[in-house]
Every structure is written in structure tokens, then in C-alpha cells.
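Engineer: Before I ask anything, let me first share the structure, which is written out below as C-alpha cells.
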Amino acid sequence: MNHVAVVDLGYGDAGKGTVVDWLCATRPVHTVVRFNGGAQAAHNVVLRDGRHHTFAQFGAGTFHPGVGTHLSRHVVVDPLALAAEADHLATVGVRDALDRLTVDGDALLATPYHRAANRAREIARGADRHGSCGLGVGEAVAYGLAHPDDAPRVADCHHPALLRRRLAALRDRLTAELGPLDAPPIEDCLPAFTGFAGRVAIVDGDWLGGALRTGTCVFEGAQGVLLDEWHGFHPYTTWSTTTFANVDGLLAEAGRPGDVTRIGVLRLVTTRHGPGPLVTEDPGLPLADPHNPTNPWQGRFRFGHFDAVAHRYALAAAGGVDGLALTHLDLAGPDLRICRRYDTTDRLTPGPPGDLNRQAALTARLLRSRPVYDDEPQDWPAAVSEELDTPVVLTSQGPTADDKAPHGPLLAPPALARTA
Amino acid sequence: MGSGIWSTDVYDAADRYRRSTGRSAFSYSDSGARTVHPALDPKDATRESRDSDEHPRSTPVAVLFDVTGSMRTVPRVLQTKLPQLLGLLQRQGYASDPQIMFGAIGDATCDRVPLQVGQFESDNRMDDDLGRIVLEGGGGGQMSESYELAMYFMARHTATDNWEKRGRRGYLFIIGDELAYQRVKAREVAGLIGDDLAEDVPLRQVVDEVTHRWDTYYLLPAGSHYAGNAKVLDFWRDLLGQNAVVLDDLDAVCETIALTIGLGEQAIDLDEGLRDLDRAGSGVTGTVSKALARLGRERRAEVSTLPAFTDTVGGVTRL
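Order-wise, the sequence lines are chains A and B. Following UniProt numbering, the numbering of the first sequence begins with 1 at its first residue and continues without gaps. Following UniProt numbering, the numbering of the second sequence begins with 1 at its first residue and continues without gaps.
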């Protein structure tokens, strides 16, 4: 069995977490590798006994004993949120999550200063919010691009004097730009960051190569391809590469290019949390999501009919997948329809990354587009498979690993399948 | 896409990392400590379980286990299992607002740390107490440990809103494998707990006192030295009746305690509880079923009615 990469072909919330949990429940997995995003991820996993955890920085396979989490250098690491998440995992029976965690020392840190700046900017946008989560992830990426040699990174937590200098420079630059920030003094931040370094294994870039040689790794994406920094609908995007690009890069560096099965996750209902285009949005759909309540940063959770046009675009932007995982099949019913084309177009084609003007024009076009619906498919997996010209290899009828079924050999559990 | 689910408070995070370091073992004991940790010292101490805005109807649960040598590896297994107890109780809703206290029992005739008692906590702070317990590993070889001292402490040095406001007993679980001494010795009480007793207190009286306010269970686990020894079981059956429970798989300790509480709170009957365990994919349903078969047949009766007793009036013997 080679490695598996799980990417969301929508706007997020399609069920990557539950797919990763199922993969770890049905085969021996060495490590779940996070390759983008940061603490703003929210991957919900529910166990048979009702235990529930919203995975943000820990891999969604953490409920399975022995499965590690690796935060690669593409993740923006938030040690403060990580401590709280580990504590919650302990209350649901996972007491060694921090012991099973490795973090690449080159990864950027999200700090209270990034967070405060993120919120100040988003508030200043007023009604034109971008849908940021207010955790400073994008802010940390932006600062890292502007000051690559001076941005606080995970390995700095081992060196308090260096970290103090970098935090001070960060705070001073952001304050000069935005005015006073609502964030604690540097001296108060240091114990949290050095405590993190004392507790968690900080490794270098070679670590992942060893893990990939030792056992099956699952690459867990955050957000969705339609929110990608280059392929998403600008400006309603995330500062993160949500396609397989980072996975491909990490595998190539480890000398294993292409050694991965690519899975795209889709939900029977196309959803979006935060502003931006959602062409098939239908507030009349009688749906609610228990894990995505309305929040002050993104507003309410939005539901739409299955938007095959947008998902085809995401599939092309991601460079194709080996198989699709289709979740929430239990929602199938006469209320749900499928949109195969818009009134203005049948097909959206991604361009090469880097042209935000083109993406902004695409966004404007989508905001004018109206969906054209066909009747509810009798066989959803067949309809989705045909529309995206890709086999559906996993279906999900409910929140737990037990509610999933593989189709065909691609994800069939090996003979030595473990039980959850 | 998600949102800020987990706290990013910088002070909170520093504290969480501090607490998580060394939480994974009996770090205090393993670092060589051979005296009671100040947080667990029963000297002049009272342990309280109180209601709060967040936990308006607290249910106190005390788990005290024997840490002498005859228990072999049992304390270390308990240390890995017991932190799950709170989550289990909360998830299943068997008891309102559970507050859990951990403690340890040794032998006052020969041990340096014969009694250790933590505080009632409704969050992970109880784990810290588990990590501070000193493992004696000795024991006297006379097949007796100082359980009577632990029961004395529970009877006279605990205060709970559950009792004072609602007249409801808390839950006390003693996990061990030997007999208790026949008397609570005034000299030992003076030295360890600080009370000035005129004379020794007979074991039977202490059992009466503690069971008046605490629904008291004795769990005799597999893997300990005298497990299955009829003399030990008969001894505790004589004192506690059906509340002396044999546990043939230590992995089931949390589930056994949780179901016992669920039965006591009349939140479930035994069959429902076993179905809950099955649904949860627990592999220990058989063990729990066997251990609790006697309890399941007979629900606990409430012993007092509101208003709860106050001091020495009303015909209630002040303990």
C-alpha cells in the first residue's frame, strides 16, 4: 500500500476528517501528515460511542492508538491552540496526542500578534469580509513572505532570546502599520512557546522521509481547493495551497515522487462557511450542520445543491484524483438537486497559478451566474462519478467510520485490517 | 472551513504545557520522592466537593487505591485508566456534574506514606494528583493494609454539597486486595491526619460512618497478589455486602465504576448500561457484567431525605 492524500474539492467541510479517520481505522497508518493551513482547520470526527473531537492541528487519525501526526513546514503552527486541543483530546480518552506529534522546525508560528492584526484588518473591511477565521494564519503567511529571514518559526521556540527578538520585531512592524494591537506582552508569550518546545518533538525536514519509508502515511489537507490561494475565487480565499502541490513537493524531496493515491472528497451538498461565490446556494434547504454554527468571523454556514461545475473546476485545478469520496449520502432526497451548468457557462477552466486579476474576474462572473438544475439523480455516486469522470471509491452515510464503505480495490482495506 | 475552536489564550497555554509535562507517569514517585506530596497530604486537611455556577449539581466520586507491593502493577494500570473516568461519566450522563478525587492507601504499620488524598476536581487537574501519588511497593506481609484510615478520612474529613444540600451520598471506590486492620488507631490518626482521638475506633464503626455518607464499594482486581482469595472477599462482603466486587480484568475498572454510579443514580439499569458499553465498542462488557451482576439486581435505596442532617440534632449521630 502506498501513501494516500486527501483533499477537499469544494469550499471545505466536505468530510476530510472522517475520511482520514476511516483510513486509519481500516489499515495500519504510521503518520497523518498535515501539509497546509493551520489551527483554523476544523475536521470533525465522531466515534461509535459518541465521542467527538474537532481536529484543528492534530491529524484526524489521532483516535487510533499509535497513529502519529506530523506538521510539515507548510503548516502555520499555533502552539497556544495546540495545547488546548491536546487537553480536549485527553478528556475524550486520547492522553498521548502530544507524544505522537512531530513538528517541522521550519514551519511558521502563528502568534497573538498575527491574530490581533488579522482581526484588526478583517474588522476594518466591514461588510467586505473575506471570511477569515480570525486566527492569524494568513497574517503569519503574509509576514513570512515579507520577512522570510525574520519571521518566527517553530525551531525558534528552543531559543528564547532569538524568539524574543523576532516577536518584538513582528509586534513593532504590525503596530506601526495598524496601531496598537490587542495582544499580551512578549514576556508573557515566551513561557507558552518555550513550554511547547519542551514538550513536543521538533524535527527537521528529513524526518518525513524516514516516516514515508517506515509505513503508510496519510496526507490530510485543510480547507478546500475552491479556497486555494491561487485557484480559489479571489479575494475569498485562504493563504494556503489547498491542492496536492505541497504533497507532491514533499514526496519529491523525500525521493518518492508520485508515491501516493489521490483522493478528492465531496459532499452531497455543496457548502461554504464565510462570504464569496456559492452559485447553488439555497437557503430553503432544510439542513443544519451541528459542527459549523454561525460564528462572528464567518457568519452562518451556507448550503447549496451539488455544484458539479465548481467541483469539476476544483478537480482540474488539483490536477485530477485517483478516486472520489462522497459523503453525506444520508441527505439524499427530493430536496437535493444537481447543477451541471450555469446559465452563462458549462465549464470553468483553471489557469496557471499566480494571476489574481484573472481570479477576481472569475469571482465577478460567478457572482452573476445562476444555476441550472437537473432532477435529483436516482444514483448519486453514479451521477457524480459520471459528471466528474472519476470513480467514487468511498461513500459515507453518517459521521462514524462504520458508516463508510469502499468501492473497488483502490481503498479496500488490506487483509490485515485493524479494527477501530 | 473552521474557526477558533480551541483556546489560544497565552497564559492558559503555558499552564497546559507545564501540566502536560510529566503527566504520563507517577512522575513524583518515579523521581524518587518518598514522602507525601503536599497536595495529597491528609494532615489537617478537608476535601470538599462544592456546587458552582458551572457545575450546579455536583456528584462527588472518590477513588482510593492500594499502592503497596501486593498490588504489583495494578496502580500503574489504574494510573493509565482512571483519567478516562470523568470523560466516561460525562459522555454517558450517568451522573450530574461529576467531581472526582483520587487517593492512595498504604500500610500505617510500616509504610512511610500510608494515606494520600487528592482534591475533588471536575477537570484534568485530577490527573495531576494521580501523578503525585507515591507508590509504596512495600507492604507488611500481614495481609492487611490501612483501609480503615482511608475510610476514617472519608467519613470525617470530607464535605460535599451533594450531601449537605441534597442529602445524597457520594461514591467511594476502594481498590485493593487485602484486609483492613480491625481498629483505627488513635496514634496513627494523630500523626497522619491530626485529629486528637480519645481512643481507637473499631473498624465496624468506621464502616458504618463512611457508608452513611458515601456509597462505598470495594473492588478486588485481578493481577493483585490475593485476588480471588476467598478470605479477602469474605472479609469485605461481611463489611459491605454486595458492594464488595471482584473485577477479573483491570482494563474494565473505569467502565465498572461508571456503570456502578449509573446504577446508583438510577440513570440506567444494568442491561442498559451494558448495552451502552457494547455500543461504545468496549471490549470489557463481559467483565463488567460479571462484576456487577449482584448490584444490578437491586437498586440502591436513598438513605436520607431532605433536608439533610445538621450537626447533632434530629437523631442523626454526628460522625
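Glycine included, every Cβ here is placed at the ideal spot set by N, Cα and C.
In the DSSP output, what is LEU98/A paired with across the bridge?
Structural biologist: Looking at the DSSP assignment, LEU98/A forms no beta bridge with any residue, so it has no partner.
Engineer: Which runs of the alpha helix (DSSP H) spanning at least 4 residues fall entirely within the region 177–220 of chain A, listed in chain order?
Structural biologist: If we require 4 residues or more, the alpha helix (DSSP H) runs fully inside the region 177–220 of chain A come out as 186–199 and 207–214.
Engineer: Specify, as a first and last residue, the run of the alpha helix (DSSP H) that LEU88/B falls within.
Structural biologist: 84–92
Engineer: In whole angstroms, what separates the C-alpha of ASP195/B from that of PRO202/B?
Structural biologist: 16 Å
Engineer: Please state the DSSP three-state secondary structure of LYS231/B.
Structural biologist: helix
Engineer: Which residues share a DSSP beta bridge with ASP8/A?
Structural biologist: VAL265/A
Engineer: Going along chain A, which residues have a C-beta under 7 Å from VAL10/B?
Structural biologist: LEU80, PRO112, PRO184, ASP188, CYS189 and ALA192
Engineer: If contact is defined by three or more beta carbon pairs under 8 Å, each pair taking one atom from either stretch, is the region 303–315 of chain A in contact with the region 339–347 of chain A?
Structural biologist: yes
Engineer: Kindly list, in the order they appear in chain A, the residues whose Cβ is closer than 8 Å to that of GLY93/B.
Structural biologist: Per Cβ cutoff of 8 Å: no residues; GLY93/B is ~10 Å from chain A at best.
Engineer: Terminal residues of the continuous alpha helix (DSSP H) containing PHE153/B?
Structural biologist: 147–156
Engineer: Would you kindly work out how many angstroms separate the C-alpha atoms of GLU85/A and PHE63/A, rounded to a whole number?
Structural biologist: Going from the Cα of GLU85/A to the Cα of PHE63/A covers about 13 Å.
Engineer: What does ILE5/B touch in chain A if you count any residue whose Cβ is under 7 Å from its own?
Structural biologist: ALA42, THR54 and ALA56
Engineer: So what does PRO371/A bridge to, in DSSP terms?
Structural biologist: Answer is TYR342/A, bridged to PRO371/A.
Engineer: Is the beta carbon of ASP177/B less than 9 Å from the beta carbon of PRO114/B?
Structural biologist: no
Engineer: Decide yes or no for the touch test of the region 135–144 of chain A against the region 236–254 of chain A: beta carbon pairs closer than 8 Å, at least 3 of them.
Structural biologist: yes
Engineer: Could you run through the region 83–95 of chain A and flag, in chain order, every residue whose CB is less than 8 Å away from some CB of chain B?
Structural biologist: ALA83, ALA84, GLU85, ALA86, ASP87, HIS88, ALA90, THR91, VAL92, GLY93 and ARG95
Engineer: Three or more beta-carbon pairs under 8 Å between the region 196–204 of chain A and the region 3–17 of chain A, yes or no?
Structural biologist: no
Engineer: Determine the DSSP secondary structure at HIS3/A, reduced to helix, strand or coil.
Structural biologist: strand
Engineer: At least one CB of chain B closer than 9 Å to the CB of GLY398/A: is that the case?
Structural biologist: no
Engineer: Alpha carbon to alpha carbon, how far is LEU259/B from PHE309/B? Give it in angstroms, no decimals.
Structural biologist: With a pLDDT of only 35 at PHE309/B, under 50, the local geometry of the prediction cannot be trusted, and the value read off the model is given with reservation. Going from the Cα of PHE309/B to the Cα of LEU259/B covers about 28 Å.
Engineer: Listed from N- to C-terminal order along the chain, which residues in the region 134–152 of chain A have their beta-carbon within a distance smaller than 8 Å of any beta-carbon of chain B?
Structural biologist: GLY134 and LEU135
Engineer: Just confirm the distance between the C-beta atoms of ALA150/B and ILE100/B, as a whole number of angstroms; I'd bet it's less than 8 Å.
Structural biologist: Contact between ALA150/B and ILE100/B does not hold, since their C-beta atoms are separated by about 16 Å, which reaches or exceeds 8 Å.
Engineer: Tell me the residue span of the alpha helix (DSSP H) that contains LYS404/A.
Structural biologist: Here LYS404/A belongs to no alpha helix (DSSP H); instead the beta strand (DSSP E) covers 404–406.
Engineer: Taking the alpha-carbon positions, what's the SER385/A to GLY249/A distance?
Structural biologist: Roughly 28 Å between the two C-alpha positions.
Engineer: Residue range of the alpha helix (DSSP H) that VAL77/B falls in?
Structural biologist: 74–81
Engineer: How would you write the range of the alpha helix (DSSP H) that ILE100/B sits in, first residue to last?
Structural biologist: Element bounds for ILE100/B: not the alpha helix (DSSP H) but the beta strand (DSSP E), 98–105.
Engineer: For SER20/B, count neighbouring Cβ atoms within 10 angstroms of its own Cβ and tell me buried if that reaches 16, exposed if not.
Structural biologist: buried
Engineer: Nearest by alpha-carbon distance to VAL32/A: which of ARG48/A, ARG51/A, GLY50/A and GLY66/A is it?
Structural biologist: GLY66/A
Engineer: Given that LEU98/A touches chain B, what residues does it touch there, using C-beta distances under 8 Å?
Structural biologist: Within 8 Å Cβ-Cβ: SER20.
Engineer: Given this structure, state the Cα-to-Cα distance separating LEU88/B from ASP97/B, to the nearest angstrom.
Structural biologist: 12 Å
Engineer: So which residues on chain A does TYR28/B lean against when the C-beta distance must stay under 7 Å?
Structural biologist: Simply none; closest approach about 17 Å.
Engineer: How big is the Cα-Cα spacing for HIS407/A and LEU47/A?
Structural biologist: 22 Å
Engineer: Exposed or buried, which one is THR390/A when buried takes at least 16 other CB atoms within 10 Å?
Structural biologist: buried
Engineer: Taking GLU48/B as part of the alpha helix (DSSP H), name the residues at either end of that continuous run.
Structural biologist: Here GLU48/B belongs to no alpha helix (DSSP H); instead the beta strand (DSSP E) covers 47–49.
Engineer: Reducing DSSP to helix, strand and coil, say where GLY15/A ends up.
Structural biologist: coil
Engineer: Please name the residues in the region 64–83 of chain B whose beta-carbon is closer than 7 Å to at least one beta-carbon of chain A, in chain order.
Structural biologist: Cβ contacts with chain A: PRO83.
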